[in-house]
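Heads up: the structure comes next, in structure tokens.
Residue numbers (full-length UniProt numbering): 1 to 301.
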């Protein structure tokens with residue numbers, strides 16, 4: 001398994017189909033697992049995809065429509081049944097606290113794991129660690145909805161040619177990285193900035209400023225494309241995006257890998273989404289998500 005990889009558990013929108021489960025996505029990022037929008041059937045999809053409850057460290061819910069949250073009850077109970085040895089943190093819109101409570105305590109079970117509730121009430125950072133900062137940004141949907149974004153801290157890339165020119169090798173490479181200079185040579189002289197990777201998760205929303213904010217400069221953007229372009233007005237009326245709209249956002253934001261998902265049951269040909277995304281001008285890596293597929297986050301540039 002890649003150290004940074006998206007596992008797609010489900011790709012249907014409101015109504016599941018024979019081939020598409022309700023939503024569910026797990027992002028593996030340097031040993032941490034983040035579960036996004038566990039719809040109905042997520043626990044079984046995790047089993048089929050080889051994702052264990054022990055793999056989960058965070059749960060991020062964009063909003064409380066059933067296709068994005070009905071699986072919470074089963075996932076939370078499975079976390080407790082399997083006695084996950086670390087705390088699991090749940091992020092979700094604060095306005096839906098009563099829905100979260102109902103799902104968490106929908107049936108009787110024994111609580112054995114610390115489930116930390118951190119509801120989201122405004123745009124801004126939710127968590128910060130050595131390998132990413134997690135932010136939430138409000139979207140535009142009939143119920144309150146937030147998108148999520150992971151941003152890796154910027155780092156430095158050592159340049160072997162410049163190190164060799166200055167005779168810096170072996171343990172001295174680590175020393176100049178730690179101390180910032182060595183024998184009159186500064187770190188800036190033998191390295192360059194390496195921008196941290198960025199990942200964004202955008203579900204049910206019509207076009208709004210939040211979509212563009214989340215997508216900006218992403219290495220991977222997972223974004224809903226419920227409708228095809230010919231149904232753009234229907235998409236807007238119901239608070240959704242089309243394939244072309246999602247692709248144009250990705251083009252403007254400089255996205256490297258675009259993952260389209262959350263497909264309406266009214267369309268039977270997934271190839272239509274790809275054709276409309278390409279017609280909108282997106283030339284980068286493109287994945288039309290299918291259940292149980294794994295999509296590596298692009299390698300650092």
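All C-beta atoms in this analysis are idealised placements derived from N, C-alpha and C, irrespective of residue type, glycine included.
Looking at the unbroken alpha helix (DSSP H) that takes in residue i, where does it start and where does it end?
i, result
"residue 135", "Per DSSP, residue 135 belongs to no alpha helix (DSSP H); it is in the beta strand (DSSP E), 133 to 138."
"residue 307", "Any property of residue 307 remains undetermined from this structure, which presents the chain solely from 1 to 301."
"residue 74", "72 to 81"
"residue 236", "232 to 238"
"residue 211", "209 to 215"
"residue 364", "Lying before the first or after the last residue shown, residue 364 is absent from the chain, which here runs from 1 to 301."
"residue 252", "243 to 253"
"residue 173", "171 to 179"
"residue 53", "Run containing residue 53: none; DSSP gives neither H nor E here."
"residue 68", "66 to 69"
"residue 99", "97 to 104"
"residue 48", "42 to 49"
Report all residues from its chain with a CB closer than 8 Å to the CB of residue i; omit the five preceding and five following residues, and keep chain order.
i, result
"residue 189", "162 and 166"
"residue 212", "249, 252 and 253"
"residue 88", "56, 57, 58, 59, 79, 113, 114, 115 and 116"
"residue 242", "225, 226, 227, 228, 229, 231, 232, 235 and 276"
Hey, quick one: how far does the beta strand (DSSP E) through residue i stretch, first residue to last?
i, result
"residue 288", "285 to 288"
"residue 200", "198 to 202"
"residue 10", "4 to 10"
"residue 115", "115 to 117"
"residue 294", "294 to 296"
"residue 91", "88 to 91"
Between the alpha carbons of residue i and residue j, how many angstroms are there, rounded?
i, j, result
"residue 182", "residue 153", "24 Å"
"residue 192", "residue 157", "5 Å"
"residue 290", "residue 196", "28 Å"
"residue 12", "residue 300", "30 Å"
"residue 168", "residue 30", "29 Å"
"residue 233", "residue 276", "16 Å"
"residue 104", "residue 92", "13 Å"
"residue 172", "residue 186", "12 Å"
"residue 137", "residue 5", "22 Å"
"residue 297", "residue 67", "25 Å"
"residue 73", "residue 49", "19 Å"
"residue 267", "residue 279", "18 Å"
"residue 283", "residue 94", "38 Å"
"residue 307", "residue 90", "Outside the shown range of the chain, which is 1 to 301, sits residue 307, and nothing can be said about it."
"residue 63", "residue 144", "6 Å"
"residue 46", "residue 174", "40 Å"
"residue 65", "residue 131", "31 Å"
"residue 20", "residue 43", "15 Å"
"residue 70", "residue 265", "19 Å"
"residue 208", "residue 176", "45 Å"
"residue 36", "residue 61", "6 Å"
"residue 292", "residue 200", "19 Å"
Taking DSSP's pairing of strands, which residues face residue i in a bridge?
i, result
"residue 127", "134"
"residue 34", "27 and 58"
"residue 257", "220 and 285"
"residue 150", "134 and 199"
"residue 193", "156"
"residue 185", "182"
"residue 120", "93"
Between residue i and the rest of its own chain, which residues show a CB-CB distance below 7 Å, the 5 nearest in sequence each way excluded?
i, result
"residue 1", "Residue placement at residue 1 cannot be trusted, given a pLDDT of 46 that sits under 50; what the coordinates show is reported in the next sentence. Excluding residues within five positions, the ones whose Cβ falls inside 7 Å are 28."
"residue 155", "194 and 196"
"residue 159", "190, 191 and 192"
"residue 123", "136, 137 and 138"
"residue 288", "260, 270, 273 and 274"
"residue 14", "67"
Whole-angstrom Cβ separation of residue i and residue j, contact assumed at under 8 Å?
i, j, result
"residue 273", "residue 225", "6 Å"
"residue 308", "residue 198", "Only positions 1 to 301 of the chain appear in this structure, which leaves residue 308 out of reach."
"residue 23", "residue 10", "5 Å"
"residue 140", "residue 239", "6 Å"
"residue 259", "residue 215", "That belief does not hold up - the Cβ atoms of residue 259 and residue 215 are roughly 12 Å apart, past 8 Å."
"residue 75", "residue 16", "That pair is no contact at about 17 Å."
"residue 51", "residue 26", "5 Å"
What residues in its chain sit with their C-beta under 6 Å from that of residue i, if we drop five residues either side in the sequence?
i, result
"residue 294", "5 and 7"
"residue 223", "202 and 246"
"residue 133", "125 and 151"
"residue 135", "125 and 149"
"residue 121", "94"
Return yes when the C-beta of residue i is under 8 Å from any heavy atom of the ligand MG, and no when it is not.
i, result
"residue 105", "No copy of the ligand MG appears in this structure; indeed no ligand is present at all."
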